[in-house]
Amino acid sequence: MITVALLLIGLIPTPKVVAVELENLITPPENLGTIPIGSEVELTFGVDFLDSQQSLAIIDVNFSEIGFIFSDYEAIMNGSDVTEQFELTLDSGRVTIGCGSVEPANGTLRITLRFKAGLTPGNYTFEWREVYNALKPAAVPAEVDERGLTSVEVLCGMEISLYTGWNLIGIPINPRDPSIQGIFQGNLKKVQYIYGWDNENKTWKIWIRGLEKCANLNKLEPGKGYWVYVTDNFTQKIYINLPNITITPTGLPETVRIGDIVPYTDWLDWWPS
875 MITVALLLIG LIPTPKVVAV ELENLITPPE NLGTIPIGSE VELTFGVDFL DSQQSLAIID
935 VNFSEIGFIF SDYEAIMNGS DVTEQFELTL DSGRVTIGCG SVEPANGTLR ITLRFKAGLT
995 PGNYTFEWRE VYNALKPAAV PAEVDERGLT SVEVLCGMEI SLYTGWNLIG IPINPRDPSI
1055 QGIFQGNLKK VQYIYGWDNE NKTWKIWIRG LEKCANLNKL EPGKGYWVYV TDNFTQKIYI
1115 NLPNITITPT GLPETVRIGD IVPYTDWLDW WPS
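Residue numbers (the working numbering): 875 to 1147.
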């Protein structure tokens, strides 16, 4: 009888175990590059849940409170806002958001955390961790537990807007890279002509696209005005080096020249006759 029972048990089919899946993991880049003081950075995480009945997601980020302030976050599942399903925990220099059962359970999940750069220039690192679980009865759980670092450099900066045609611009403070390539980094192809007046020699200095080897104007100096002709509208970020300011008993800085700071810059869409 025992032998027969064992044979019968052996004939009973074993339930097929179907594993749920997690695909297309999204992690923040290793380096966000350089950003101006006061600007916002985003860390985006995500994954695709496949054939899951219960989907868990947790994002944990450590950051420097000297360099950044946590702003907000959002969670999107299949294009729908599911932010309210997540719980936020904010400690000193650490933010954690999580949801034990995202609804709907299947689809594309994207989670974005936003941080605003403070007033202290420097190099900063975000230390992050993202955890996802896809669960289903009688199925092998799927899990992702990813960790990483994302670095960013915060610098003092300014923005100037240029419009198609002639623009009169000025650089109020010493730029980090005063070369024409450095000033117009990312938009240099839109710059056609640059004219700057050399008051010492009473002559114009000129830079012309395609004739750079003939140019006698190669950098922009603070406190001077320049005529710039561009072929398309754009806004240019310029990173600057703040001067060392020593306050005198009169309350006036003694180490900043008048030419280091220009109180106002503007553009004019005309050329003087």
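Every residue, glycine too, gets a C-beta built ideally from N, C-alpha and C.
*asked:* Is it the case that the region 946-959 contacts the region 993-1009, given that we only count it when at least three CB pairs across the two stretches are under 8 Å?
replied: Proximity of the region 993-1009 to the region 946-959 falls short of the contact definition, fewer than three beta-carbon pairs being nearer than 8 Å.
*C-alpha distance - Q1055 paired with L1062, whole-angstrom precision*: Taking the first residue of the sequence shown as 1, we reach residue 1055 at position 181. Taking the first residue of the sequence shown as 1, we reach residue 1062 at position 188. So the two alpha carbons sit approximately 7 Å from each other.
*So what does DSSP say about K1098, is it helix, strand or coil?*
In the sequence shown, the residue the question calls residue 1098 occupies position 224. Coil at K1098, not helix or strand.
*Can you tell me whether DSSP reads C1088 as helix, strand or coil?*
Counting from 1 along the sequence shown, the entry for residue 1088 is found at position 214. The answer is helix: DSSP assigns C1088 an H, G or I state.
*Tell me whether Q1055 sits in a helix, a strand or coil according to DSSP, three-state version.*
For the purposes of this step, residue 1055 is taken as the residue at position 181 of the sequence shown. Helix.
*Exposure label - P1123; buried when at least 16 CB within 10 Å*: Taking the sequence shown and counting its residues from 1, one reaches residue 1123 at position 249. Unreliable positioning characterises P1123 in this predicted model, as indicated by a pLDDT of 49, which lies under 50. A coordinate reading is not provided.
*asked:* Considering just the uninterrupted stretch of the beta strand (DSSP E) at A991, what are its terminal residues?
replied: Taking the first residue of the sequence shown as 1, we reach residue 991 at position 117. For A991, the enclosing beta strand (DSSP E) covers residues 981-991.
*Under 9 Å, do V935 and L983 count as touching if we go by C-beta distance?*
Within the sequence shown, numbered from 1, the residue matching residue 935 stands at position 61. Within the sequence shown, numbered from 1, the residue matching residue 983 stands at position 109. Not closer than 9 Å, so no.
*Which class does T957 belong to by DSSP, given the choice of helix, strand or coil?*
Taking the sequence shown and counting its residues from 1, the one referred to as residue 957 is at position 83. It is helical.
*Local conformation of K1063 per DSSP, three classes*: Here residue 1063 corresponds to residue number 189 of the sequence shown, with the count starting at 1. Helix at K1063.
*Taking N1075 as part of the beta strand (DSSP E), name the residues at either end of that continuous run.*
If you number the sequence shown from 1, residue 1075 lands on position 201. In the DSSP assignment, N1075 falls outside any beta strand (DSSP E), carrying neither H nor E.
*Who are the near neighbours of S1053 in its chain, counting only those whose CB is closer than 7 Å to its CB and skipping five residues on each side?*
Locating residue 1053 in the sequence shown gives position 179, where the first residue counts as 1. Within the same chain, S1053 has close Cβ partners N1092, K1093.
_Run of the beta strand (DSSP E) containing F944, from where it starts to where it stops_ = For this step, residue 944 is matched to residue 70 along the sequence shown. Segment 942-951, the beta strand (DSSP E) holding F944.
*Would you say the region 1096-1113 touches the region 1064-1071, given that touching needs at least three Cβ pairs under 8 Å?*
A contact exists between the region 1096-1113 and the region 1064-1071.
*For the beta strand (DSSP E) containing C973, list its first residue and its last residue.*
As a first step, residue 973 must be located in the sequence shown, where it is residue number 99. Where C973 is concerned, the enclosing beta strand (DSSP E) stretches over 968-973.
*Cutoff 8 Å; reference E961; Cβ partners in own chain excluding five residues on either side*: Counting from one through the sequence shown, the residue named residue 961 turns up at place 87. Cβ contact annotation for E961 (same chain, cutoff 8 Å, sequence separation greater than five): I971, G972, C973, in chain order.
*Under the rule that 16 or more other beta-carbon atoms within 10 Å means buried, what is S966, buried or exposed?*
For the purposes of this step, residue 966 is taken as residue 92 along the sequence shown, with counting starting at 1. Around the C-beta of S966, fewer than 16 other C-beta atoms lie within 10 Å, and the residue is accordingly described as exposed.
*Is it the case that the Cβ atoms of A1008 and E1020 are separated by a distance below 9 Å?*
Residue mapping note: residue 1008 aligns to position 134 of the sequence shown, counting from 1. Residue mapping note: residue 1020 aligns to position 146 of the sequence shown, counting from 1. In this structure, E1020 does not lie closer than 9 Å to A1008 by Cβ.
*Starting from the Cα of F937, find the closest Cα among G992, L1036, V1014 and give me that residue.*
Translated into positions along the sequence shown, residue 937 becomes position 63. Checked all of G992, L1036, V1014; the closest Cα to F937 is G992.
*Where does V1104 sit, in a helix, a strand or coil, going by DSSP?*
Residue mapping note: residue 1104 aligns to position 230 of the sequence shown, counting from 1. Residue state, collapsed to three classes: strand.
*asked:* Check for me: the beta strand (DSSP E) holding F937 runs from which residue to which?
replied: Indexing the sequence shown from 1 puts residue 937 at position 63. Careful: F937 lies outside any beta strand (DSSP E) and carries neither H nor E.
*asked:* Rounding to the nearest angstrom, what Cα-Cα distance links I1132 and E1027 in this structure?
replied: Counting from one through the sequence shown, the residue named residue 1132 turns up at place 258. Counting from one through the sequence shown, the residue named residue 1027 turns up at place 153. Residue placement at I1132 is poorly supported in this model, since its pLDDT is 40, which falls under 50; the coordinates still yield a value, given next. I1132 and E1027 have their C-alpha atoms some 29 Å from each other.
*Check the C-beta distance from S975 over to T999 and give it rounded, since I have them as a contact under 8 Å.*
Sequence index remark: in the sequence shown, residue 975 carries index 101 (1-based). Sequence index remark: in the sequence shown, residue 999 carries index 125 (1-based). Not quite, the Cβ-Cβ distance comes to about 32 Å (not below 8 Å), so this is no contact.
*asked:* Using beta carbons (cut-off 9 Å, strictly below), is N1073 in contact with chain B?
replied: Protein chain content of the structure displayed is limited to a single chain, and chain B is not contained in it.
*Among F944, L1042, P995, which one has its Cα closest to the Cα of L917?*
On the sequence shown, residue 917 is found 43 positions in, with the first residue counted as 1. The candidate whose alpha carbon is nearest that of L917 is F944.
*From the DSSP output, which residues share a beta bridge with L1042?*
Reading the sequence shown from its first residue, position 168 is the one you call residue 1042. Answer is W1101.
*Ignore the nearest five residues each way along the sequence and tell me which others in K1010's own chain have a CB closer than 7 Å to its CB.*
Against the sequence shown, residue 1010 aligns to sequence position 136. Leaving aside the five residues that flank K1010 on each side, the residues in its chain whose CB is nearer than 7 Å to its CB run, in chain order, V894, D925, S926, Q927.
*DSSP on I909, reduced to helix/strand/coil?*
As a first step, residue 909 is located in the sequence shown; it is residue number 35 there, counting from the start. Here I909 sits in strand by DSSP.
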